[in-house]
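The sequence shown begins at 1 in the UniProt record's numbering and counts up by one.
We put the CB at the ideal spot given by N, CA and C, even for glycine.
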Amino acid sequence: MNRLQFIIAIAIILFVAFALGWLARWLVNRFSQVSSADLGEMEELARALHDAEETRDQAIAYLQQRENELTNQLSQTEAELRAAMEGLREARAETEELRSYIEQMNQGAQ
């Protein structure tokens, strides 16, 4: 193989490498292009995701508000229950005192 044949062989190899590189770039570019329909679908998905996040945030805010309301209502109910139990305890004590007084009066009258 003389010098001219070697240069021609190298030139052919370089040309084939260039052609394969260009073909590979063209294929990658062709397959990675996003069509307008895909862009529209991605926009629609992004909008739906945004709406879902807003709905979730509203639901969380509503649940927190409702939890606070129920906690306040529970606290008020517990306070009313304590007051009612205290009143009942006082009424029972007063009833016992009256029974004792009546029994003493009945024993004293006999």
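Tell me the residue span of the alpha helix (DSSP H) that contains residue i.
i          : result
residue 58 : 36-109
residue 29 : 3-32
Less than 6 Å between C-beta atoms, sequence neighbours within five positions excluded: which residues of the same chain meet that for residue i?
i          : result
residue 11 : none
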